[in-house]
Amino acid sequence: MHEMLKNKETIIFDLDGTLVDSMWIWKAIDIEYLGRYNIALPPDLQAKIEGMSFDETAIYFKQEFAIPNTLDEIKNTWNEMAMDYYLTKVNLKEGVHELLEYCKDNNIKLGIATSNSKELMTAIAKVHELDQYFDCIMTGSDILKGKPAPDIYLTVASKLQTHPSKCLVFEDIVPGIMAGKNAGMTVCAVEDVYSADKRKQKQEYADYYIESYKDLWLSDRI
Numbered sequence: 093m094h095e096m097l098k099n100k101e102t103i104i105f106d107l108d109g110t111l112v113d114s115m116w117i118w119k120a121i122d123i124e125y126l127g128r129y130n131i132a133l134p135p136d137l138q139a140k141i142e143g144m145s146f147d148e149t150a151i152y153f154k155q156e157f158a159i160p161n162t163l164d165e166i167k168n169t170w171n172e173m174a175m176d177y178y179l180t181k182v183n184l185k186e187g188v189h190e191l192l193e194y195c196k197d198n199n200i201k202l203g204i205a206t207s208n209s210k211e212l213m214t215a216i217a218k219v220h221e222l223d224q225y226f227d228c229i230m231t232g233s234d235i236l237k238g239k240p241a242p243d244i245y246l247t248v249a250s251k252l253q254t255h256p257s258k259c260l261v262f263e264d265i266v267p268g269i270m271a272g273k274n275a276g277m278t279v280c281a282v283e284d285v286y287s288a289d290k291r292k293q294k295q296e297y298a299d300y301y302i303e304s305y306k307d308l309w310l311s312d313r314i
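The structure is reproduced here in structure tokens:
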């Protein structure tokens, strides 16, 4: 057993860039969406909205870019634009399925804490049959404060009746790692192309770092 799993009752995953390989689609969606209003993508946009909940991101877009639509209209448009990607082009990260099976066989509870929308989370869960593994799925629609606030992780732990010290979090971005640490949980950072430039920061903030979930069993420690 890998040392990070010792004495852990619950594992909580972020979704995008952690459980599924999907971070790449959002820059494309932002470019297309802002382009509809003849607005060029600001080079620092992804950094500014990183970790925000779906609702917080919609508020940011409406205020920052003076989008004339309502918040619900903005979110509905994003869901429509992203849905095909999530249904047909977004795959589980390498080694995820093996880890989920391991947890299932060893009675480790599983949760998801994602800033994404409930609609897209539901779609990806259906495609990859995630409901059979996860005991609790929380989205950005369920909480007020996005990451790095610990709210979503603490909520999942509470729902699963697990003390934060008994939780292990997998995250791919710095605000998410900070959210897990702020919740008093052990955090393993996951390699992702989208956040490759933050690798050093991720390694510094997290308790562990993996390039792939396959690292967990290639090391013969699980």
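First residue of the sequence shown: 93, per this note's numbering; consecutive thereafter.
Ideal Cβ placement from N, Cα and C applies to all residues, glycine included.
These figures come from a predicted structure and were not determined experimentally.
Quick one, are the C-beta atoms of Glu142 and Pro267 less than 8 Å apart? yes
Between Glu101 and Lys251, is the Cβ-Cβ spacing less than 8 Å? no
Whose C-beta lies closer than 6 Å to the C-beta of Glu303 among residues of the same chain, with five residues either side of it excluded? Glu283
Grab the span of the alpha helix (DSSP H) containing Thr180 for me, first residue to last. 163 to 180
Applying the criterion that 16 or more other CB atoms from any shown protein chain within 10 Å of the CB defines a buried residue, is Glu263 buried or exposed? buried
Quick check on DSSP: helix, strand or coil for Gly232? helix
Alpha-carbon to alpha-carbon, Glu172 and Ala275: 33 Å
Give the secondary structure of Lys290 by DSSP, where H, G and I count as helix, E and B as strand, and everything else as coil. helix
Taking contact to mean 3 or more Cβ pairs, one atom from each stretch, closer than 8 Å, check whether the region 178 to 186 and the region 152 to 168 are in contact. no
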